[in-house]
Amino acid sequence: MTKTAKELVEIWYSTGDTTLLSDEIVWSVLPTFPEGGQYIGRKAVEEQFFTRIMKHFSDYVTLPHSVTAEGKSVATTGVYRVRTTGGQSGDIAFAHLWTVENGEITALHQVADTAAIQKLLGTGEQVS
61 MTKTAKELVE IWYSTGDTTL LSDEIVWSVL PTFPEGGQYI GRKAVEEQFF TRIMKHFSDY
121 VTLPHSVTAE GKSVATTGVY RVRTTGGQSG DIAFAHLWTV ENGEITALHQ VADTAAIQKL
181 LGTGEQVS
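If you count by this note's numbering, then the sequence shown holds residues 61 to 188, one letter each, in order.
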């Protein structure tokens, strides 16, 4: 049975299974978020974004609070529960807009409280 867009995104949040991502996914993160920018393709998301962002954090958990779907679009709000490598911890609010097509996640657009995460990281400047 084919999974709905909402189900696929919920599976992503519970497993982090990168095989759910399209080979051509467009992964967009605010430029003022650590390692922000646009990553094209599953390999770039795995090898560039996730590898790079974890150099800032000793713990990083994504906790969705609401997941709403309309057709191929899924909107999520929640918090990142993080602990920095410097020992600071906190919850950072986020909103994600996902696109799911043909049983694969094809896009993510992320918005988050970048001021709060920069404060935890000890910088008021863009982190990259």
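The beta carbon of each residue, even a glycine, is placed where N, CA and C say it ideally should be.
Would the beta-carbon of residue i fall within 8 Å of that of residue j?
| i | j | result |
| --- | --- | --- |
| VAL69 | VAL160 | yes |
| THR166 | SER82 | yes |
| PHE117 | ARG143 | yes |
| VAL105 | LEU123 | no |
Taking the alpha carbon of residue i as the point to measure from, which residue in the options has its own alpha carbon closest?
| i | options | result |
| --- | --- | --- |
| ILE71 | VAL134, SER149, ALA176, ALA155 | VAL134 |
| THR64 | PRO91, VAL127, GLY76 | VAL127 |
| THR145 | VAL121, VAL89, LYS115 | LYS115 |
Along the beta strand (DSSP E) that carries residue i, what are the first and last residues, could you check?
| i | result |
| --- | --- |
| THR166 | 164 to 172 |
task: Identify every run of the beta strand (DSSP E) within the stretch 98 to 160, keeping only runs that are complete inside it and at least 3 residues long; order them along the chain.
output: 117 to 130, 133 to 144
- request: Write down every uninterrupted run of the beta strand (DSSP E) in the stretch 66 to 97 whose length is 3 residues or greater and which is fully enclosed by it, in chain order.
  value: 81 to 89
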